[in-house]
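Trainee: Below you'll find the structure I mean.
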Amino acid sequence: MTLDPRHRLTPTTDPEMTIGGDAVRGGGPVIEVFNPATGAPLAEVPSASAEQVDRAVTAAAAAFPAWSSAPREERSRLIHRFCDLVEANADRLISTIIAEVGTPVTLAETLQIRFPVDQMRWYADLILQDDAVDLGETDYGVRRRSVVYKRPVGVVAAISAYNYPLHLGLWKVGAALAAGCTVVLMPSPRTPLSVLAVGRLAREAGLPDGVLNVIVGGPETGQALTEHPRVDKISFTGSDTVGQSIISQSAAGIKRVTLELGGKSPAIILPGADLGVAANQVHRRYTRNAGQGCASPTRLLVHRDAIDEFVAATEQVFADLVVGDPWDRATDVGPVIRPEHRARIEGMVSDAVGRGARIAVGGGRPDFTEGWWVNPHMIAGVDNADPIAQNEIFGPVSVMLPYSDVEEAIAIANDSRFGLNGYLYGDPALAAEVAPRLRVGTVAMNEASGLRPDAPFGGFGYSGIGREGGIWGISAFQEVQHIQYPIAKGE
Ligand code: NAD
C-alpha cells in the first residue's frame, strides 16, 4: 500500500499547553507522539510539570467566580464563538486527528469534529432556558415556598482516552462550561495534538483566562490533577482499571466523579433476522476506528440454527471491508494506536486459540510495510465465560456466541461486568420486548446506532458512573440548591 503523502507532513500544531490564558511550554518529561499509519514519530510534546498542574488548577479556580456568575447569554455566546473557530479550523484538526489516531477520514469528519461541535452548541443553547424548579408552598406550621436551582459544581478535571480525542474532550468541555464550571482538560498522552490545538482556539475565541486550561501528561500528571485540593469534579473517560484509580484518588476530597469506561457490548442477532443485513451492520460498527471504540458490539449472539449462514455472511462483509489508508475515503479500518497495543490484541487472540477457540473469519495482519494494523477477526468456539468474551480487546475483533432461544440470548448478553451498549438486529417488535431487559445504558435496534446531542450516553456496571450528553450530561457538572423562604401572613 502506498500511503497518502499527507502522512509525511508534520502537523502544524504547536505543542504549547494553555494555562490561565497563556500558551505555555511544558516543563515536564517530553512525550513522543507517533503516526500509527507509518509508525514514524510525529511530534515531541513536553508534558506539564507538577508546578504547571498546580498553576492550571489555580487558574481555573481563580476564573470560577466570574465565569459561574456571568450571564448565561455571555457563556452561551462564547461557547458558540469557540465552536465557530473549531469549525473554521476543521480541516487542520481532521488532518491532525488522522495523523495521531489513524481514524479514517470519513469517521474523523463526523465523530471527531461534527458531533462534538453540535454537542457544544446544544449545551450553549440549553443554558438559555430557565432551569429553576418552583416547588410552590408547604405549610408545616409555617407557610414556606421553595425553589430549586442548578449551580455549577466548580473546577473540573477532565481526562480522556486516546481513541476520540476531540469528541471525548469537547463533550466534557461543552457541558462543563455551559454549566458555569471552569476546566483543566488533559487528553491522552498518545493523542494530545488536536486537543492542544483547540486550547489555542479557546484563547482566540476570547474565553476568559483560566476558564479552559489544557495540559498534557501521563498517569502521574493525571493523579496530581485529580488529587489537587482545588478540583471539585473529575470527569474521566478511559479504561475500567484507571477508572478504579480515579475513584480512589477522588476519595480524600469527596470529589464528584463521572466515569465513562470500557465495554464488551452484546449484539443479539434475533431469530429470523436478515443475516446479510445484520452481519453488514454489526461488523462495520465494531471495526470502525480499528475497533478502538468503547461501545463496539463485540459479542455477537447468533441463533444455533443460523451459525453457518452468519459465518458465510461475515465472510462476505470481511471481503468488502477495506483495511487501509485513513486518508482514503473508501477505507473502513485504519491502524491501531501502537505496536504494543497490537501485540496485546494479537496476544488475546492467540491465548484464546490456545484454549480451543478458532478464528472463524478473517484474522492476521494486512501485508503493509509500515504502521500498525490488524485485520478484522471473528472468533468462535468459546463460550461467554472465556476471557476473550469477557475482556475488552479494543481492536477489530468480535466473538460469536451461539444461543438456543431468546431467553438464553438475554442471559448471555447480561453475563458481563460491563453494560455500555446493546444491539438488537431483527424483528422490531421482538427487539422492543428484549430492549428493556438488557442491562446497558444504550440499546440500538437495527441500523439505529448513532450519538445525538440530546441523548444520554454511558453505562451500567464496570462501564462507568453517570452519563454524558443531553440534560443528563450537564447535570454531571451541577449541584442542586434548594432555597426556601417563609410566606408572610396574608400573602
Ligand atoms: P486509559 O484508561 O489507559 O487512559 C485514559 C486517560 O487516563 C489517559 O489520558 C491517561 O493518561 C490517564 N490516566 C492514567 N492513569 C491515571 C491516573 N492514575 N489518574 C488520572 N489519570 C490517569 O484509557 P485509553 O487506553 O486511553 O482508552 C481506552 C479505554 O477508554 C477503553 O477502555 C475504552 O473503552 C475507554 N473509552 C470509554 C469511552 C466511554 O465513553 N465510555 C469512550 C472512549 C474510550
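The sequence shown maps to residues 1 to 491 in the UniProt record's numbering. Every residue gets a Cβ at the ideal spot worked out from N, C-alpha and C, and that includes glycine.
If I measure Cβ to Cβ from residue 247 and keep anything under 8 Å in the same chain, skipping five residues before and after, which residues do I get?
Mentor: 257, 259, listed in sequence order.
Trainee: With distances taken between CB atoms, is the gap from residue 88 to residue 124 smaller than 8 Å?
Mentor: It is not a contact, given that the beta carbons lie outside the stated cut-off.
Trainee: Measure the C-alpha to C-alpha separation of residue 7 and residue 35 and round it to an integer number of angstroms.
Mentor: Answer to the nearest angstrom: the Cα atoms are 8 Å apart.
Trainee: How about residue 258: is its Cβ closer than 7 Å to a heavy atom in the ligand NAD?
Mentor: Because no heavy atom of the ligand NAD lies under 7 Å away, the Cβ of residue 258 does not count as near it: no.
Trainee: My understanding is that residue 164 touches residue 111, with C-beta atoms under 8 Å, so please give their C-beta distance in whole angstroms.
Mentor: Right, the Cβ-Cβ distance comes to about 6 Å (below 8 Å), so this counts as a contact.
Trainee: Looking only at DSSP bridge pairs, what is residue 498 linked to?
Mentor: Given a span of 1 to 491 for the chain in the structure shown, any question on residue 498 remains unanswerable.
Trainee: Taking just the CA atoms, how far does residue 360 sit from residue 384?
Mentor: Cα-Cα distance, rounded: 16 Å.
Trainee: From 482, 483, 476, 491, pick the residue whose C-alpha is nearest to that of residue 236; which is it?
Mentor: Minimum Cα distance to residue 236 is reached at 476.
Trainee: What does the alpha-carbon distance come out to for the pair residue 380 and residue 388?
Mentor: Computed Cα separation, rounded: 10 Å.
Trainee: May I ask you to report which of helix, strand or coil DSSP gives residue 456?
Mentor: Of the three classes helix, strand and coil, the one that applies to residue 456 here is coil, per DSSP.
Trainee: For residue 239 versus residue 420, is the C-beta spacing smaller than 8 Å?
Mentor: No. Outside cutoff.
Trainee: Would you identify the three-state DSSP class for residue 149, choosing helix, strand or coil?
Mentor: Here residue 149 sits in strand by DSSP.
Trainee: Can the beta-carbon of residue 382 be found closer than 8 Å to that of residue 406?
Mentor: It is not a contact, given that the beta carbons lie outside the stated cut-off.
Trainee: Do you know offhand how far residue 461's Cα is from residue 231's?
Mentor: So the alpha carbons of these two residues sit roughly 25 Å apart.
Trainee: Among 430, 441, 399, which has the Cα closest to the Cα of residue 418?
Mentor: Residue 418 has its Cα closest to that of 441, out of 430, 441, 399.
Trainee: Specify whether the segment 298 to 306 and the segment 341 to 356 touch according to this definition: at least 3 beta carbon pairs, one from each stretch, less than 8 Å apart.
Mentor: Flag = no, the segment 298 to 306 and the segment 341 to 356 do not touch.
Trainee: Please state whether DSSP places residue 139 in a helix, a strand or coil.
Mentor: The answer is strand: DSSP assigns residue 139 an E or B state.
Trainee: Tell me, to the nearest whole angstrom, how far the beta carbon of residue 37 is from that of residue 334; I am working on the premise that it is less than 8 Å.
Mentor: Indeed, because the Cβ distance is near 7 Å, the residues count as touching under 8 Å.
Trainee: Is residue 128 buried or exposed, if buried means 16 or more other CB atoms sit within 10 Å of its CB?
Mentor: Its Cβ having fewer than 16 others within 10 Å, residue 128 is exposed.
Trainee: Mind checking which residues open and close the beta strand (DSSP E) that includes residue 378?
Mentor: Residue 378 -> beta strand (DSSP E) spans 377 to 380.
Trainee: Quickly, what does DSSP pair residue 464 with across the bridge? List them, please.
Mentor: DSSP, once it has assigned bridges, lists 260 as partnering residue 464.
Trainee: Mind checking whether residue 216 and residue 49 have CB atoms under 8 Å apart?
Mentor: Their beta carbons are not under 8 Å apart, which means residue 216 does not touch residue 49 by this criterion.
Trainee: Give me the DSSP bridge partner(s) of residue 51.
Mentor: Paired residue(s): none; residue 51 is not in a bridge.
Trainee: Do residue 362 and residue 394 have their CB atoms nearer than 8 Å?
Mentor: No. Outside cutoff.
Trainee: Just to check, is the beta-carbon of residue 223 closer than 7 Å to a non-hydrogen atom of the ligand NAD?
Mentor: It does: the Cβ of residue 223 is within 7 Å (strictly closer) of some heavy atom of the ligand NAD.
Trainee: Roughly how many angstroms lie between the CA atoms of residue 221 and residue 269, to the nearest whole one?
Mentor: Approximately 43 Å, taken between the alpha carbons.
Trainee: Which runs of the alpha helix (DSSP H) at least 4 residues long sit entirely within the segment 49 to 92? Give them in chain order.
Mentor: 50 to 69, 72 to 88, all fully within the segment 49 to 92.
Trainee: Going by Cα to Cα distance, which pick from 191, 424, 1 is closest to residue 32?
Mentor: Of the listed residues, the one whose Cα sits closest to residue 32 is 191.
Trainee: Buried or exposed, going by whether 16 or more other CB atoms sit within 10 Å of the CB of residue 204?
Mentor: Residue 204 comes out exposed.
Trainee: Return the bridge partner residues of residue 489 from the DSSP annotation.
Mentor: Paired residues: none, contrary to the question.
Trainee: Under a CB-based cut-off of 8 Å, is residue 275 close to chain C?
Mentor: Among the protein chains of the structure shown there is no chain C, as only one such chain exists.
Trainee: Given 7 Å as the limit, tell me if residue 421 has its C-beta closer than that to any heavy atom belonging to the ligand NAD.
Mentor: Because no heavy atom of the ligand NAD lies under 7 Å away, the Cβ of residue 421 does not count as near it: no.
Trainee: Just checking residue 159 against the ligand NAD - is the residue's beta carbon closer than 7 Å to any of the ligand's heavy atoms?
Mentor: Checking the Cβ of residue 159 against the ligand NAD gives yes.
Trainee: If you drop the 5 nearest sequence neighbours on each side, which residues of the same chain put their C-beta closer than 7 Å to that of residue 486?
Mentor: Correct list, in chain order: 142, 143, 144.
Trainee: Quick one: is the Cβ of residue 208 within less than 7 Å of any heavy atom of the ligand NAD?
Mentor: Not so, every heavy atom of the ligand NAD lies at least 7 Å from the Cβ.
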